[in-house]
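A.B. asks: Handing you a structure now.
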Amino acid sequence: MQHHDRNSDQTTLTESPLAFDFQATTPCAPEVVEAMAPYWSELWGNPSSRQHRLGLTAAAAVNLARRQIADSLAVAPERLIFTSGATEANNLALLGLARRRGQGHVISVSTEHHAVLDPLAQLEREGFRVTLLNPGTDGLINPAQVEQAIATDTILVSVMAANNEIGVLQPLEAIAEVCRHHGIAIHSDAAQAFGHIPLQPDALGLDLVSLSAHKLYGPKGVGALVVRDGITLEPLQWGGGQEAGLRAGTLPTALIVGFATAARTALQDRVQRNHRLQTLRDQLWEGLQRRIPGVLLNGAMEPRLPHNLNICIPGITGSRLHRALRPHLACSSGSACSSGAPSHVLQAIGRSRAEAEASLRLSLGRTTTDDEIQLAVERIAAAVCATRS
Ligand SMILES: Cc1ncc(COP(=O)(O)O)c(C=O)c1O
Numbered sequence: 610m611q612h613h614d615r616n617s618d619q620t621t622l623t624e625s626p627l628a629f630d631f632q633a634t635t636p637c638a639p640e641v642v643e644a645m646a647p648y649w650s651e652l653w654g655n656p657s658s659r660q661h662r663l664g665l666t667a668a669a670a671v672n673l674a675r676r677q678i679a680d681s682l683a684v685a686p687e688r689l690i691f692t693s694g695a696t697e698a699n700n701l702a703l704l705g706l707a708r709r710r711g712q713g714h715v716i717s718v719s720t721e722h723h724a725v726l727d728p729l730a731q732l733e734r735e736g737f738r739v740t741l742l743n744p745g746t747d748g749l750i751n752p753a754q755v756e757q758a759i760a761t762d763t764i765l766v767s768v769m770a771a772n773n774e775i776g777v778l779q780p781l782e783a784i785a786e787v788c789r790h791h792g793i794a795i796h797s798d799a800a801q802a803f804g805h806i807p808l809q810p811d812a813l814g815l816d817l818v819s820l821s822a823h824k825l826y827g828p829k830g831v832g833a834l835v836v837r838d839g840i841t842l843e844p845l846q847w848g849g850g851q852e853a854g855l856r857a858g859t860l861p862t863a864l865i866v867g868f869a870t871a872a873r874t875a876l877q878d879r880v881q882r883n884h885r886l887q888t889l890r891d892q893l894w895e896g897l898q899r900r901i902p903g904v905l906l907n908g909a910m911e912p913r914l915p916h917n918l919n920i921c922i923p924g925i926t927g928s929r930l931h932r933a934l935r936p937h938l939a940c941s942s943g944s945a946c947s948s949g950a951p952s953h954v955l956q957a958i959g960r961s962r963a964e965a966e967a968s969l970r971l972s973l974g975r976t977t978t979d980d981e982i983q984l985a986v987e988r989i990a991a992a993v994c995a996t997r998s
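Per my numbering, the sequence shown runs over residues 610 to 998.
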């Protein structure tokens, strides 16, 4: 809990930092923890054990969860391949499709998560050609750029739904239309989008979609790849033949049940949550602009995830800013997985290295309150002041 020190009306240093890093991950919702509970112990069967009740009970739980997640995406349940998260789903989609085709050209975007960029680098090592498109300063790709990049041997386009750092939403439907016209498969990393914005792979025209549970108040360690009928992939691993032979390994029943519960809850409260978080996010941005002259927004404000803000404070030393802020506010200078390097996303949209370092990703969550927004403005303004002095 955050509160003011009554004596000084200053925030005390002993308080826990305000949580503004809900795009790195989210806490499990209480109903998710509750739904998972029996599957850790009393209902411990292996969903592949069809000869006895324990196994059948686990299989029924997985089937129900698969149907619930599939329903929330308006796809058939058989099209879901459970994975350990979006990283694995991206690897399966990109490596799996390219290796199955054997050779060719892949198009993606320089602002993708490393869970897309690194498998693409692996494909290059294996002899595939990769083109990375650069977005504009707004962070957005124009479908015409995809059209222009298509070559006679292009086999796959991969464009993320929502950016994990600047929150911008790519024009997926229009990009998918270009791909469909040329008969090219399209994949989207929707780790940051699922549960937050409407996501229907078929309506958008997507062939492969990667999902993660822990970005939508589900457990860490589970995700899925949605695969359109007719798309064939080479598996990344071999074993017990689970998930139609595409992802061998015992299914984690508890995590899958938790994933489905999180997806259902996210769908139920999405409209209301987004409205609330967008209002709070806008208050945060207005407050910061009032208190920090010269503060810049990274990426377009629209279309953007309602719970994301990414700001740059030019002329300030990023490392000092982050050090000053750390005891007071948990946020991120880039993606949680960027190993401390200045953000490749911010540099790709035209920020200098120093500006990228002097940037903050502020992401709001279900529990973010009005008071926390006011406090965050004060704490960031104070940290900027301390850094400048
Ligand atoms: C856009 C994006 N893709 C992929 C991932 C990785 O997802 P997971 O942690 O489920 O492997 C993340 C998480 O940081 C992400 O934001």
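Note that the Cβ used here is the ideal one computed from N, Cα and C, for glycine as well.
For H661, list the residues DSSP reports as bridge partners.
C.D. replies: Residue 661 sits at position 52 when you count from the first residue of the sequence shown. Its beta-bridge partners do not exist; DSSP assigns none.
A.B. asks: What are the uninterrupted segments assigned as beta strand (DSSP E) that are 3 or more residues long and contained completely in the segment 908-971, given in chain order?
C.D. replies: Here the runs fully enclosed are 917-921.
A.B. asks: Are the segment 708-724 and the segment 748-759 in contact at 8 Å, needing three or more beta carbon pairs?
C.D. replies: Taking 8 Å as the limit for Cβ pairs, the verdict is that the segment 748-759 does touch the segment 708-724.
A.B. asks: Within the same chain, show all residues whose beta-carbon is closer than 7 Å to that of V671, passing over the 5 residues directly before and after it, in chain order.
C.D. replies: The count along the sequence shown starts at 1 and reaches residue 671 at position 62. Here the set comprises P656, L860, T862, I865.
A.B. asks: Count the other CB atoms, across all protein chains shown, that sit within 10 Å of the CB of R882; report buried if there are 16 or more and exposed otherwise.
C.D. replies: Translated into the one-based positions of the sequence shown, residue 882 becomes position 273. R882 is buried by the Cβ-count criterion.
A.B. asks: Restricting to Cα atoms, I'd like to know which of G974, V641, G827 is closest to P915.
C.D. replies: Counting from one through the sequence shown, the residue named residue 915 turns up at place 306. Minimum Cα distance to P915 is reached at G974.
A.B. asks: Using DSSP's beta-bridge definition, name the partner residues of S717.
C.D. replies: In the sequence shown, residue 717 corresponds to position 108, counting from 1. Paired residue(s): L741.
A.B. asks: DSSP on F631, reduced to helix/strand/coil?
C.D. replies: Indexing the sequence shown from 1 puts residue 631 at position 22. Note: F631 maps to coil in three-state DSSP.
A.B. asks: Quick check on C994: buried or exposed, where buried means 16 or more other Cβ atoms within 10 Å of its Cβ?
C.D. replies: Taking the first residue of the sequence shown as 1, we reach residue 994 at position 385. Flag for C994 reads exposed.
A.B. asks: Given L893, which residues of its chain have a CB within under 7 Å of its CB, disregarding the five upstream and five downstream residues?
C.D. replies: Mapped onto the sequence shown, residue 893 falls at position 284. For L893, where only same-chain residues beyond five positions count, the Cβ hits under 7 Å are L918, L971, I982, A985, V986.
A.B. asks: Please classify T976: is it buried, with 16 or more other beta-carbons within 10 angstroms of its beta-carbon, or exposed?
C.D. replies: As a first step, residue 976 is located in the sequence shown; it is residue number 367 there, counting from the start. T976 should be labelled exposed.
A.B. asks: Using DSSP with H/G/I as helix, E/B as strand and the rest coil, what is F691?
C.D. replies: The residue given as residue 691 occupies position 82 in the sequence shown. Three-state result, F691: strand.
A.B. asks: Note down the Cα distance separating S942 from Q956, rounded to an integer number of angstroms.
C.D. replies: Numbered from 1 along the sequence shown, position 333 holds the residue referred to as residue 942. Numbered from 1 along the sequence shown, position 347 holds the residue referred to as residue 956. Rounded to whole angstroms, S942 to Q956 spans 13 Å at the Cα level.
A.B. asks: Confirm, please, whether the CB-CB distance from A794 to A770 is below 8 Å.
C.D. replies: Mapped onto the sequence shown, residue 770 falls at position 161. Mapped onto the sequence shown, residue 794 falls at position 185. Taking 8 Å as the Cβ cut-off, A770 and A794 do not qualify as a contacting pair.
A.B. asks: Answer yes or no: the CB of A800 versus the heavy atoms of ligand 1, is any distance below 7 Å?
C.D. replies: Within the sequence shown, residue 800 is the residue found at index 191, counting from 1. The answer is yes for A800.
A.B. asks: Tell me the rounded alpha-carbon separation between Q1032 and I989.
C.D. replies: Because the chain spans 610 through 998 in this model, residue 1032 falls outside it and cannot be assessed.
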